[in-house]
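In terms of this note's numbering, the sequence shown opens at residue 46 and continues consecutively. Structure record follows, encoded as structure tokens.
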Amino acid sequence: MHGMKYSLLFTSLILLAACGGRTPTDNTTTNHFYAPIAGTIVAADSTPIEEDGLNDFYYSVIISSTDSSNEGYYALDAAYGPNEAHTLLAYPKLDREITPAIKLDDIPYSYIAGFYFAGSDTFKDYARVSAKRVGPMNTQIEVRYIKTYFMDSTIKK
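Right, here's the structure in full:
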């Protein structure tokens, strides 16, 4: 796909299963989240590197599932041309299922990694993944958490 921006938004491979965990003394139902098989790409996007007229390089960000995605840990891979960075993104543990996603940021060569709550179409910013030149031959790729989320444990059921 030379010269063409491609985008792969979230693939609908996340499954939700509700288990009836009722006992005679417990009136709560336990919902379990099942992440996609490790290695499944759940969000990806790329943009061409405009300043590089010689090569056909892109800045790309990919979020994929891991063996620990059921606990909220997803692999984050970023590449600025031939330079790559790999890390784990630790999503917050909330009282609702979340779907990892990314969107293009206003800052050049920057994406926002975030998520959607199950049943909502409001994107929640979580971390910024950005790349920049730090000299004639070096590129820095950085991930910074920009917002935090928490569960309100004071709600009585």
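Glycine residues also receive a C-beta, built at the ideal position from the N, C-alpha and C atoms.
*Smallest Cα separation from Ile-94: which of Ala-80, Tyr-118 and Arg-178?*
Arg-178
*Own chain partners of Asp-112 with C-beta closer than 7 Å, once the 5 adjacent residues on each side are dropped*: Ala-83
_Glu-116, DSSP secondary structure in three states_ = helix
_Cutting at 6 Å between CB atoms, please list the residues of its own chain near Ala-130, excluding the five before and the five after it._
Ala-123 and Ile-186
*Sub-8 Å separation of Tyr-125 and Thr-184 beta-carbons*: yes
*asked:* In the DSSP assignment, the beta strand (DSSP E) including Thr-92 goes from what residue to what residue?
replied: 86 to 93
*Going by Cα to Cα distance, which pick from Thr-85, Thr-144, Tyr-103 and Ser-114 is closest to Leu-133?*
Ser-114
*Applying the criterion that 16 or more other CB atoms from any shown protein chain within 10 Å of the CB defines a buried residue, is Ala-163 buried or exposed?*
exposed
*Leaving out five residues on either side along the sequence, give the residues of the same chain with a beta carbon under 7 Å from the beta carbon of Phe-160.*
Tyr-136, Ile-143, Thr-144, Pro-145, Ala-146, Lys-169 and Tyr-171
_Measuring only the C-alpha atoms, how far is Ile-152 from Tyr-79?_
34 Å
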